[in-house]
Amino acid sequence: MGKLDGKVAFITGAARGQGRAHAVKLASEGADIIAVDLAGPIDYVPYDSPTPADLEETVRQVEAVDRRIVAEKADVRDLEALRAVVERGVAQLGRLDIIVANAGICIPETWDAITPQTFAAVMDTNVTGVWNTVMAGAHHLVAAGGGSIILTSSYAGKKMQPFMIHYTASKHAVVGLTRGFAAELGKHRIRVNSIHPGAVNTPMGSGNMQQALQQAGETNPALNGMGTPFLPTWAVEPEDISEAVAFLASDAAAYITSEHLSIDAGSQYF
Numbered sequence: 010m011g012k013l014d015g016k017v018a019f020i021t022g023a024a025r026g027q028g029r030a031h032a033v034k035l036a037s038e039g040a041d042i043i044a045v046d047l048a049g050p051i052d053y054v055p056y057d058s059p060t061p062a063d064l065e066e067t068v069r070q071v072e073a074v075d076r077r078i079v080a081e082k083a084d085v086r087d088l089e090a091l092r093a094v095v096e097r098g099v100a101q102l103g104r105l106d107i108i109v110a111n112a113g114i115c116i117p118e119t120w121d122a123i124t125p126q127t128f129a130a131v132m133d134t135n136v137t138g139v140w141n142t143v144m145a146g147a148h149h150l151v152a153a154g155g156g157s158i159i160l161t162s163s164y165a166g167k168k169m170q171p172f173m174i175h176y177t178a179s180k181h182a183v184v185g186l187t188r189g190f191a192a193e194l195g196k197h198r199i200r201v202n203s204i205h206p207g208a209v210n211t212p213m214g215s216g217n218m219q220q221a222l223q224q225a226g227e228t229n230p231a232l233n234g235m236g237t238p239f240l241p242t243w244a245v246e247p248e249d250i251s252e253a254v255a256f257l258a259s260d261a262a263a264y265i266t267s268e269h270l271s272i273d274a275g276s277q278y279f
């Protein structure tokens, strides 16, 4: 018996990294999955983009734990595309109980290097994309008589991330979305919480990401120590974040809402 038996979860950014780990973890606890990912090039980001093959691997891993999955390519910036995926998923799987708004991007830039285009790319994905995700599925949770919505913020949503003003602003905005949705959806027995990871070992560190971080850091070295964890582990694994997601999705968190759960080893305090 899994703690999510009979449930269905909608997860964005599910092709790899934290999104894939969330899909596999929730499936291992008994949930069927509706998974979306852009699975293609992302403008402006310095790391490698997800691929259709990555999304296919998520499907394989979910099916390996004997759960059903509906997986499609979709851009979280496109509300109608998300709605269409959710409708098809619910038609096949029967219901929706859990929403995990995981998709997001990160672009290291100093304050004076940020352009209107990169600012918009981050905000459109990390803020509007999260809002779209909730709007695409929340009415199904209302119809189901309740559920859990989990929005991915960051340690940067409680403190800040140096050389990422747009990213920091977006992750603070996710806190506001959490509180607002929690207040209005509470009467439907829908809980809304945010998670705040610190450093996580994902493909977001691939490509030219490390070079971009280093170049930005050289402009103001005094800021480079920010986000140092208290615990002797600099970066955790995606599965460590998924444990928190599974908890918030489950009945064990039945009376936890509008909470902002850090899984950052203390990074926000340094």
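Using the working numbering, the first residue of the sequence shown is number 10, and each one after it goes up by one. For glycine and all other residues, C-beta sits at the position ideal for the given N, C-alpha and C.
Asked: Keeping to the same chain, check which residues put their C-beta closer than 7 Å to that of residue 266; ignore five residues upstream and five downstream.; Found: 191, 195, 200, 201, 202
Asked: Please report the distance separating the alpha-carbon of residue 61 from that of residue 171.; Found: 32 Å
Asked: So, is residue 73 buried or exposed, given that buried needs 16 or more other C-beta atoms within 10 angstroms?; Found: exposed
Asked: Could you give the DSSP three-state label for residue 7: helix, strand or coil?; Found: Lying outside 10 to 279, the shown extent of the chain, residue 7 is not represented and no answer is given.
Asked: Which class does residue 83 belong to by DSSP, given the choice of helix, strand or coil?; Found: coil
Asked: What residue range is occupied by the uninterrupted beta strand (DSSP E) comprising residue 46?; Found: 41-46
Asked: Excluding the five sequence neighbours on either side, which residues of its own chain have a C-beta within less than 6 Å of the C-beta of residue 153, listed in chain order?; Found: 104, 106
Asked: Check residue 13 in the structure and name its three-state DSSP category.; Found: coil
Asked: Does the contact criterion of 3 or more C-beta pairs under 8 Å hold for the region 16-29 versus the region 47-61?; Found: yes
Asked: Within 10 angstroms of its Cβ, does residue 13 collect 16 or more other Cβ (buried), or is it exposed?; Found: buried
Asked: Using the beta-carbon count (16 or more within 10 Å), is residue 113 buried or exposed?; Found: buried
Asked: Since residue 163 and residue 206 are thought to touch, with beta carbons under 8 Å apart, how far apart are those beta carbons, to the nearest angstrom?; Found: 6 Å
Asked: Just curious, the beta strand (DSSP E) that residue 269 is in, first and last residue?; Found: 269-272
Asked: Can you name the residues that DSSP bridges to residue 202?; Found: 159
Asked: State yes or no: is the C-beta of residue 240 within less than 8 Å of the C-beta of residue 159?; Found: no
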